[in-house]
Each structure stands twice: as structure tokens, then as C-alpha cells.
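Novice: Numbering (our numbering), first residue to last: 216 to 437. Please find one structure pasted underneath; my questions will follow.
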């Protein structure tokens, strides 16, 4: 409902809020998976509707809540539709905190994954799809509820890796957990389809009662 905000290049941004508040819908709109009923979504001042689809998805990488894993090797799962050098593949694996998992497999990156990744944990699947997203060297990375499958310690390691290995990347993370995004450049609070507040974690604690309430409730349950 009348939502408007700007994401600056090279910054880390998060959309937080309760379940069914509209966070994933915003993810789908920005990702070009859903068209707005009103208004427009611009990327570098260009309406995303006018950007060539292949060009758009060579710059914008998506990691969904539910990971799609194929019955093929770890390497082929990561490269999927990307033509990447060994260096690019290694960087994607390291950033996604997959090195230890791959090293433990008999055939390393050539290990075959079972149908739908049934032999993998939820976190391993999520990190595998993150590596797949990074293999295209995107300019923009969209994460939809990444913390639902990955613990906060691993997520913080991944964010640190992203800062180090992809310093110019623009990040947008959809999440319910505030703890992992406290140091982000911009946090947007969405409730019932409306933008309630935006700012840094510190600013929102001071200025938004709703944000402070959500943060405090999460502190008492962790």
C-alpha cells in the first residue's frame, strides 16, 4: 500500500516484519516475478519491465525460502546455468560456507546429490542455492528468509564473506529475525502491507515503537 523506498548500490538492506505482512510479495515485485498494480520499480533509473529478462537475471540473483536441488553433482548444482571459472566457483563455495561440507564428501564437488537433495539438511540446501546465485557474479542479491534454514552464526559468517569477496554487491534480505541484520545500512519495517518505518537498527530502536517491540520480543525468546 503506497510503499516507496530507495536502495543504494553496494549497501546492505533488510525488510523485516511479522508473517504475512507483505515481505515476500515485495521480494517478488523487486525480483520481477510479479508486476505492481500501481507505480513502478526502477533499476538504475530504468523500469525493470523494460530491461531484457536475460540481462536482468544476469545481474540480479535470487535465493528463495525453498531450495530447488537437482539430482546431479554439487558442482553442476552450483553452476546450473552459469559459465564460471574455477576461481569464481571457489569464491562462491567459500562465501557460502560450503568448503567444509564439500571437503567431507568422497568425490568433493563431483559428489552426486540425491533426488531433491534428500540427503542434505535445510541449511546445506540453502547454502548450495546461495553458491548458485553467487556463481553468476551478481550486482544485486535478494535473500528470502535465509535465516529460516541457516543459523545466525553461519549467516553472520556468510555476510562477512560477502563483504570481503563481493564488496560492491547490493544486498536485500527478507527476514523475521532482527539479530542478524542489526548492522545493515537500511532496515525497512513492513506490517500489513505498509511501510511502517525505515532506518538503521539504532534509529529504529529510538523512533519506532513497533520495531522496538518486535526486537525486544525476539530477545526474550532467544
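In this text, a Cβ means the ideal position worked out from N, Cα and C, and glycines have one as well.
With distances taken Cα to Cα, identify the nearest neighbour of residue 314 among 231, 392, 424, 339.
Specialist: Closest by alpha carbon: 339.
Novice: In terms of residue numbering, what span does the alpha helix (DSSP H) encompassing residue 341 cover?
Specialist: 337–349
Novice: Taking the C-alpha atoms as reference points, what is the distance between residue 222 and residue 387?
Specialist: Roughly 9 Å separates the two Cα atoms.
Novice: By the three-class DSSP mapping on this structure, what secondary structure does residue 377 have?
Specialist: helix
Novice: Go through its chain and collect everything with a Cβ distance to residue 303's Cβ below 7 Å, but skip five positions before and after it.
Specialist: 350, 352
Novice: Per DSSP, which one or two residues make a beta bridge with residue 413?
Specialist: Paired residues: 403.
Novice: Report the option in 369, 428, 411 whose CA atom is closest to the CA atom of residue 220.
Specialist: 411
Novice: Take the Cβ of residue 253 as the centre, count every other Cβ of all protein chains shown within 10 Å, and call the residue buried at 16 or more, exposed below.
Specialist: exposed
Novice: Would you tell me roughly how many angstroms separate the C-alpha atoms of residue 228 and residue 393, rounded to the nearest one?
Specialist: 12 Å
Novice: Measure the C-alpha to C-alpha separation of residue 422 and residue 431 and round it to an integer number of angstroms.
Specialist: 14 Å
Novice: Report the residue from 218, 216, 225 whose alpha carbon sits nearest the alpha carbon of residue 356.
Specialist: 225
Novice: So, using beta-carbon positions, are residue 275 and residue 246 closer together than 8 Å?
Specialist: yes
Novice: Assign residue 231 to buried or exposed, taking buried as 16 or more other Cβ atoms, counted over all protein chains shown, within 10 Å of its Cβ.
Specialist: The residue is buried, with at least 16 neighbouring Cβ atoms inside 10 Å.
Novice: Any heavy atom of the ligand FMN closer than 7 Å to the Cβ of residue 375?
Specialist: The ligand FMN is absent from the structure shown, which contains no ligands of any kind.
Novice: Whole angstroms is fine: what's the gap from residue 300's alpha carbon to residue 290's?
Specialist: 12 Å
Novice: Express the C-alpha separation of residue 345 and residue 321 in angstroms, rounding to a whole number.
Specialist: 22 Å
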